[in-house]
Amino acid sequence: MEALLEATLRLAAPLLLAALGELVVERAGLINIGIEGTMLVGAFAGFAVASATGSAPAGVSAAILAGTGSGALFAAFAVGRGADQIVVGTAVNLLGLGATALASRALWAGAPPPGPTVAPLFSGTAAEIPWIGPVLLRQTAFVWAGIALAAAIGLALSRTRAGLALRAVGESARSADAEGVSVGRTRFAAVVFGSALAGLAGAALSLAQSDTFTEGMTAGRGFIALAVVIFGRWRASGVLLASLFFGLATALQFRLQARGAAIPYPLSLMLPYLVTLAVLALASGRGRAPGDLGRAYRREAA
Amino acid sequence: MNVLVGLVRPDAGRLELSGTIFDLSGWSPSSALRAGVRMVHQRSALVPAMTVPENLAFGDPRTGAFFRPRRARAAAEALARRFALEVPLDRPVEELSPGQRQRAEILRALDRGASVLILDEPTAVLTPGETEHLFASLRRLRDAGRAVIFISHKLAEVEEIADRVSVLRRGRLLASLASGRVSAAELGRLMLGDELAPILRRARAERGGERKPALEIRALSAPGPDESSHLRGIDLEIREGEILGVVGIDGNGQRELEEVLAGVKRPTEGEIRVRGERVALQPRYLRAAGVAHLSGDRETAGLVPGMSLAENFALKGSYDDRRFFRHGRFDRAAARRAAAEAARRFSITPPDPDFDCAALSGGNAQKLAVARELDGRPAVLVAANPTRGLDVGSARFVQEQVLERAAAGVAVLLVSSDLDEALAISDRLVAIVRGSLVAVPPGSDRSAIGAILLGRAQA
Amino acid sequence: MRALLTAALGLASVGLLVAALGYSPGPALRAFVAGSLLGPSAWTATLLKTGPLLVAGLAVALCFRCGVWNIGAEGQILAGALAATALATRGPADAPALLLAPAAALAGALGGALFGAIAGWLRAMRGVSEVISTILLNFVAIQCVALAVQGPLQEASGAYPQSDALPAAALLPSVGRVHLGVAAALLLALAGHWLVFHSTAGFRMRAVGLSPRAARFAGISPERTAVGILVLGGALAGLAGAFEVTGVTGRLYEGLSPGYGYTAIAVALLARLEPLGVIPAAVFFGALEAGAGAMQREAGVPAEATKLVQGVVVLLSITLAAAPIFRRAPAAAGRS
Numbered sequence: 001m002e003a004l005l006e007a008t009l010r011l012a013a014p015l016l017l018a019a020l021g022e023l024v025v026e027r028a029g030l031i032n033i034g035i036e037g038t039m040l041v042g043a044f045a046g047f048a049v050a051s052a053t054g055s056a057p058a059g060v061s062a063a064i065l066a067g068t069g070s071g072a073l074f075a076a077f078a079v080g081r082g083a084d085q086i087v088v089g090t091a092v093n094l095l096g097l098g099a100t101a102l103a104s105r106a107l108w109a110g111a112p113p114p115g116p117t118v119a120p121l122f123s124g125t126a127a128e129i130p131w132i133g134p135v136l137l138r139q140t141a142f143v144w145a146g147i148a149l150a151a152a153i154g155l156a157l158s159r160t161r162a163g164l165a166l167r168a169v170g171e172s173a174r175s176a177d178a179e180g181v182s183v184g185r186t187r188f189a190a191v192v193f194g195s196a197l198a199g200l201a202g203a204a205l206s207l208a209q210s211d212t213f214t215e216g217m218t219a220g221r222g223f224i225a226l227a228v229v230i231f232g233r234w235r236a237s238g239v240l241l242a243s244l245f246f247g248l249a250t251a252l253q254f255r256l257q258a259r260g261a262a263i264p265y266p267l268s269l270m271l272p273y274l275v276t277l278a279v280l281a282l283a284s285g286r287g288r289a290p291g292d293l294g295r296a297y298r299r300e301a302a
Numbered sequence: 001m002n003v004l005v006g007l008v009r010p011d012a013g014r015l016e017l018s019g020t021i022f023d024l025s026g027w028s029p030s031s032a033l034r035a036g037v038r039m040v041h042q043r044s045a046l047v048p049a050m051t052v053p054e055n056l057a058f059g060d061p062r063t064g065a066f067f068r069p070r071r072a073r074a075a076a077e078a079l080a081r082r083f084a085l086e087v088p089l090d091r092p093v094e095e096l097s098p099g100q101r102q103r104a105e106i107l108r109a110l111d112r113g114a115s116v117l118i119l120d121e122p123t124a125v126l127t128p129g130e131t132e133h134l135f136a137s138l139r140r141l142r143d144a145g146r147a148v149i150f151i152s153h154k155l156a157e158v159e160e161i162a163d164r165v166s167v168l169r170r171g172r173l174l175a176s177l178a179s180g181r182v183s184a185a186e187l188g189r190l191m192l193g194d195e196l197a198p199i200l201r202r203a204r205a206e207r208g209g210e211r212k213p214a215l216e217i218r219a220l221s222a223p224g225p226d227e228s229s230h231l232r233g234i235d236l237e238i239r240e241g242e243i244l245g246v247v248g249i250d251g252n253g254q255r256e257l258e259e260v261l262a263g264v265k266r267p268t269e270g271e272i273r274v275r276g277e278r279v280a281l282q283p284r285y286l287r288a289a290g291v292a293h294l295s296g297d298r299e300t301a302g303l304v305p306g307m308s309l310a311e312n313f314a315l316k317g318s319y320d321d322r323r324f325f326r327h328g329r330f331d332r333a334a335a336r337r338a339a340a341e342a343a344r345r346f347s348i349t350p351p352d353p354d355f356d357c358a359a360l361s362g363g364n365a366q367k368l369a370v371a372r373e374l375d376g377r378p379a380v381l382v383a384a385n386p387t388r389g390l391d392v393g394s395a396r397f398v399q400e401q402v403l404e405r406a407a408a409g410v411a412v413l414l415v416s417s418d419l420d421e422a423l424a425i426s427d428r429l430v431a432i433v434r435g436s437l438v439a440v441p442p443g444s445d446r447s448a449i450g451a452i453l454l455g456r457a458q459a
Numbered sequence: 001m002r003a004l005l006t007a008a009l010g011l012a013s014v015g016l017l018v019a020a021l022g023y024s025p026g027p028a029l030r031a032f033v034a035g036s037l038l039g040p041s042a043w044t045a046t047l048l049k050t051g052p053l054l055v056a057g058l059a060v061a062l063c064f065r066c067g068v069w070n071i072g073a074e075g076q077i078l079a080g081a082l083a084a085t086a087l088a089t090r091g092p093a094d095a096p097a098l099l100l101a102p103a104a105a106l107a108g109a110l111g112g113a114l115f116g117a118i119a120g121w122l123r124a125m126r127g128v129s130e131v132i133s134t135i136l137l138n139f140v141a142i143q144c145v146a147l148a149v150q151g152p153l154q155e156a157s158g159a160y161p162q163s164d165a166l167p168a169a170a171l172l173p174s175v176g177r178v179h180l181g182v183a184a185a186l187l188l189a190l191a192g193h194w195l196v197f198h199s200t201a202g203f204r205m206r207a208v209g210l211s212p213r214a215a216r217f218a219g220i221s222p223e224r225t226a227v228g229i230l231v232l233g234g235a236l237a238g239l240a241g242a243f244e245v246t247g248v249t250g251r252l253y254e255g256l257s258p259g260y261g262y263t264a265i266a267v268a269l270l271a272r273l274e275p276l277g278v279i280p281a282a283v284f285f286g287a288l289e290a291g292a293g294a295m296q297r298e299a300g301v302p303a304e305a306t307k308l309v310q311g312v313v314v315l316l317s318i319t320l321a322a323a324p325i326f327r328r329a330p331a332a333a334g335r336s
C-alpha cells in the first residue's frame, strides 16, 4: 500500500507539472498541443547536460531553459502571428521529435549510458518515518515542486491581480484589452511559463523516473496532460487530483504486470490512453473552458 | 467613442484634453486610461465569468499585487452605496441581468475617477428611480470638474441632463448647441434629417376581399443567452402582402426569433404555419414551404466567405434544388448561369459569378442575398435588420425590393432595430420587449413607441 | 509558388542543422539526392514512400478543410493495416486474388473508418475535441497492432512479433516493386479533387469548413459533416495502411509506420489542403524519406532529420499562408 502511494506520486509528477503549465496557458486562452514535443526536448536537454556536467541540478536548469525556448517558438507563431494553434502545436511536436532524435544519435551512437539522477529530497532518519517517509519524504523535488506549484498557481489565479488579469484575457480578451491589459504580452508570458514547466516535466522523466534518455520517451504524456486539464475543470486543485488519478492508474498497471502477465503487455500499455478517453467522454459537458479558449485576438482596426 | 477609448484605430484624428494634444495614431486602451477617458459600453465589457469585485480589481493598479476578496468586496460595496447603484457582488457577471450588468459597468468607470466619462445609452435598462440616481451622480461628477459624454436617443433625458447637445448623423457632426437653446422638435429634425425623405410606402389600394394569413406563429418559446432574450409565447399572424415590423431594443429576443424562424434554433414549444400548413422549423422544410430569410449579418444571411457568387447563390439548395444539385453532383455551370443572371438583374458589382463573396461590398453582398432569397418566389420573407451597415443607395434598394414583394403578395416579417426603417415601410408595428410581443397602437409617434420599448423595465 | 518556397526553405534549414551537428554536408547531400531521385531504384524507393503519404495526406487535407483536426491518421493507418492483415491471414485461405486483394483493401478502409468513427462519436455525442481523441487513439492503435502480432495474428513459427506473410493472393500486383496502390493513390487524389469541387457532399464540406455558421443557416449540419469527414478520413488512412501491408511489407509488424500519419499532416499543409496539391507534396516528402534513408546508410546522418524538415515546413506553411483556414480556432477542448 505504501509502495502504491509512493508510486502514484512519483508517476504523477511529470504529468502534474506539464498539466499545470498547460493549465496556465489555457486559462490565458491558448491551446498548446506541443507540450509533448516540449517535454521531450526538456527530457533530452536535461539528460544531456546532466550527463555532460555530472550534475543533475544543472540538467534540470537546462531542461527548464529548453522548455522556455520551445514555448517562445510556439508563442512567436501562435500569439505573435495569430496562427492556428493546433497547427503550430503540431509543428512543435514534429520539431521536438526530430531534433531530439537527431541530437541523441549524434551524441551517443546507441543507447546513452545512464546519467545522474535527482536525489530524493530527504534522506537519513527523517525518511525512515513510517508512511510519511517512503510515501512523501523520499520523493524527489519534482513531486514537491508539483504539489507546491499546484498550490501556488491555484492561489495566484484567484488571489493575485496578475492571475485575475490572466483569467480575464482567457475568458474575454476584448474585456481585458479594454481595461488596458496587454493581451499579447500576457499570452506570451503564459505560454513561455507553461512550456518551462513542460520542460521541467521532461526532466522529471529523464532524471528521476528513469536515468536515461530514450527517443520518444514521453509516449503521449503530453497529450494526456491536455486531458488532465479538461478533467480537472481548468482548476489547479482539479489538475492535481486528476494527475494523481492517472498516476494511480499507471501504478496499478505496473503492479498488475509485475504480478504475472495475466494481461498482455500491450493491453496494459493501452490502458492509460483508454482510461483518458473514457474519462473525457464521461467528464465532458460539465466544467467550463475559458471563454476565449483557442481564439486568436486582434484589436479591430477602423 | 470606440476610437476615443482605443478599441478601434482611426484613419486620422487628434484629441485635445484639458489643453494637452494627443495624436490618435497608436492610441490604445491604456493610453485612453492614462488620459483619464473611460467608457461604459452598451455591449458589456466586463469579464462574464468573474464577479464584480474581481472585474473591478484586475485592471486597477491600486489593487496591488494581491487580490483580497473580502477587502475588494467591501470596497465595491462602499462604491455602490456612494453612487447609489445596486449591484450583486457575489455572483459572476454572466448571471446578472442586463440592468445589473450595466450598473456594474458604470460603477467600474466611476471607480477609476475618469476625467472624461462616456456613457453609451446607459439608461436603456435602468428603472426610472435608478436613472434619477445616475443623473444625480453625473451632476456631482460634473460639479467636481469631470466631463461626461452621454450618448442617447431619448430626447427627454437629453433635455434633462445635458448642458450641451451634439447631433451626429451618418458619421458627421451636424450641430453642437447649448441644451437650453434647442427644442426637442428641432433635435428630432436634426437627427432624422430632411434630406432623402424616408422611403415612402406606396399607397396601397385597399384590396378587395379577405387576405389570407400567410404566416401564423403560435406560442413560440425559445431560450436565449439571458433573461430578457428568452422568447415567451410569441403569437403573431401576417397576411399575404402585409409587412409587419417588429421593433425593439437589441437583446430583447429579436435574434432568437430570427434564429427560430430560420430554422437554426429549436424552440421549446410552439409551432408555425405557412399558408395554413404546419411547417417544421428546420431550414430545409422552411425553404420548401416558401419561407425566405434575409439578414443584415452576412453569415447569418447564409453567405459563405470564400465561396463564389455562384456557389453562394446555390448554397441553400444543396438538398433539394435539382437545378444545381443532381445525382450527387454540383452543377457549377448551371449555378454560374443563374448567378450571372441575378447579378445582371440586381446590378451586383462585379457581375462575375466566380467572384469571391468575401470581397463583395456590404451592399453587393446583400443584393446577392436578396437575389437568392427572392429567386424561389417565397410566400413569406423574414427580414432581420436587412439594411444594417449598408450605404444609403443599397439600403434603399433592399427596402424597395421588400416593398415590391409585398405588393406582389409576399408576407413580410421585418425585424428591425432601426425605428425609422420600420416606421417607413411597415403596414403594422409590434414591439418585442423581454421576449414578448407588445402591441403598438396604430398612429403612435416616436416617443410613445419608445415608451413601449422600454416597458416597465425592472432590472 | 509559396509551396515551393516552403519546401526549399525546409530543406535548407535542415541542411544547416545537419552541418551544425558535425556531419559533412557534401556527402550527405549527395547520398540524399542519389537515394531519392537518381536511377530507377531511387525512384522506386521514393514512390513507395509517396503512396501512403498521398492517401493519408489526402485524408488529413479533407478533414482539415472541414475544420476537423484529425491528428489520428497514424492510428488509422495502423488500424487499416491490422484489419487487412487479419482478413488476409485469417480469412479463407484459398480465396482467389480477384477477391482477396480488394477485400483486404476494403477491410483496411473499414478498420481506419472505425477509428475515425470513434473520434467522431466522441465529438458529436460527448463534445470531446477530436484533437485529443484522435491523438490518444493513435497510441491505442499502436498497442492494438502489438497485441495482434504478439498474439492472435502472430506468425506460425512464433519466432518474431510479426504476422504471417500475407498469402500471395492478397498482395497487390506491381511493376517492379512499385505496387498498384501507388496508382490507386493517384486516382484517389483525383477523386478527392472531384469530391471537393464537384460533388454535393464536397460542396457542403467546403461550406462548413469556411463558415459553419453560414452553413447552418443553409440547412447544412456542421456536426454531421464533421462526423462524416472523420469517418471518410479514417477510411482513407486505413486504406493507406492496407496498401502498406499488401504492397510493400507483405506482413504486419510493430513499427510498420515510421510516422506516416504525422508526416501526412505536413503533406496536407504543404498542399494547402488542395487534393491535387497533395500529389506533389507527397512526392516531396516521399523523396525526403527515401533520400533520408540513403543518407543514413551512407553518410551516417540519422533519418530523423526528416521530422525536422516536416516541422519547419508546417511552420513555414502557416507563416506564408493567408488562407483563412489557418486562422480558425478548433472547438474548445472538452466542448464542441
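Residue numbers (our numbering), protein chains in the order written: chain R, 1 to 302; chain Z, 1 to 459; chain G, 1 to 336. Note that CB positions come from ideal geometry on N, CA and C, so glycine has one too. Just so we're clear, the structure is a prediction, and the values are computed from it rather than from any experiment.
Boundaries of the alpha helix (DSSP H) harbouring residue 69 of chain Z: 69-82, taken from the DSSP string. Taken in chain order, the complete alpha helix (DSSP H) segments of 4 or more residues contained in the region 240-266 of chain R number zero; there are none.
Residues of chain G with a Cβ closer than 9 Å to the Cβ of residue 220 of chain R are, in chain order, 135, 136, 138, 139.
Note on the region 114-189 of chain G: whole alpha helix (DSSP H) runs with a minimum of 4 residues are 130-150, in chain order.
Assignment of residue 200 of chain G by DSSP, reduced to helix, strand and coil, places it in the helix class. For residue 412 of chain Z, the enclosing beta strand (DSSP E) begins and ends at 411-416. Within chain G, 214 have C-beta atoms less than 7 Å from the C-beta of residue 303 of chain Z, given in sequence order. By the Cβ rule, the region 368-378 of chain Z counts as touching the region 290-306 of chain Z, because three or more pairs are nearer than 8 Å. Between the region 241-249 of chain G and the region 42-59 of chain G, the count of Cβ pairs shorter than 8 Å is three or higher; the stretches touch. With at least 16 other beta carbons inside 10 angstroms of its own, residue 84 of chain R counts as buried. Segment contact: the region 108-123 of chain Z against the region 31-39 of chain Z, three or more CB-CB distances shorter than 8 Å; contact assigned. According to the DSSP assignment, residue 45 of chain R belongs to the alpha helix (DSSP H) that extends over 35-53. Secondary structure at residue 298 of chain Z: coil, using DSSP grouped into helix, strand and coil. In the structure shown, residue 16 of chain Z falls within a strand segment according to DSSP collapsed to helix, strand and coil. Note on residue 212 of chain Z: under 16 other CB atoms within 10 angstroms of its CB, so exposed under the neighbour-count rule. Listed in chain order, the alpha helix (DSSP H) runs fully inside the region 53-140 of chain R are 56-75, 85-107, counting runs of at least 4 residues. Taking 4 residues as the minimum length, the alpha helix (DSSP H) runs contained wholly in the region 44-103 of chain G are 73-90, in order along the chain. Taking the C-beta atoms as reference points, residue 149 of chain R is found no nearer than 7 Å to residue 63 of chain R. Minimum Cα-Cα distance from residue 273 of chain Z among the listed residues Z:411, Z:427, Z:120, Z:8 corresponds to Z:411. The distance from the Cβ of residue 149 of chain G to that of residue 129 of chain G is about 31 Å, inconsistent with a contact at the 8 Å cut-off. The three-state reading of DSSP puts residue 252 of chain G in coil, since its state is none of H, G, I, E or B. A distance below 7 Å separates the beta carbons of residue 249 of chain Z and residue 453 of chain Z.
Under the three-pair Cβ rule at 8 Å, the region 212-220 of chain R counts as touching the region 35-48 of chain R. Counting only Cβ-Cβ distances below 7 Å, residue 180 of chain R has contacts in chain Z at 29, 30, 33, 59, in chain order. Residue 155 of chain R and residue 161 of chain R have their alpha carbons spaced roughly 11 Å apart.
Membership of residue 280 of chain G in the alpha helix (DSSP H) is indicated by the continuous run 275-299. Chain order gives the chain R residues near residue 50 of chain Z as 164, 167, 168, 171, where near means a beta carbon separation below 8 Å. Contacts with chain G (Cβ-Cβ distance below 8 Å) from the region 316-339 of chain Z involve 316, 318, 319, 325, 328, 329, 330, 332, listed in chain order. Taking a beta-carbon distance threshold of 7 Å, residue 299 of chain Z does not count as an interface residue toward chain R. Residues of chain G whose Cβ lies closer than 8 Å to the Cβ of residue 284 of chain Z are, in chain order, 219.
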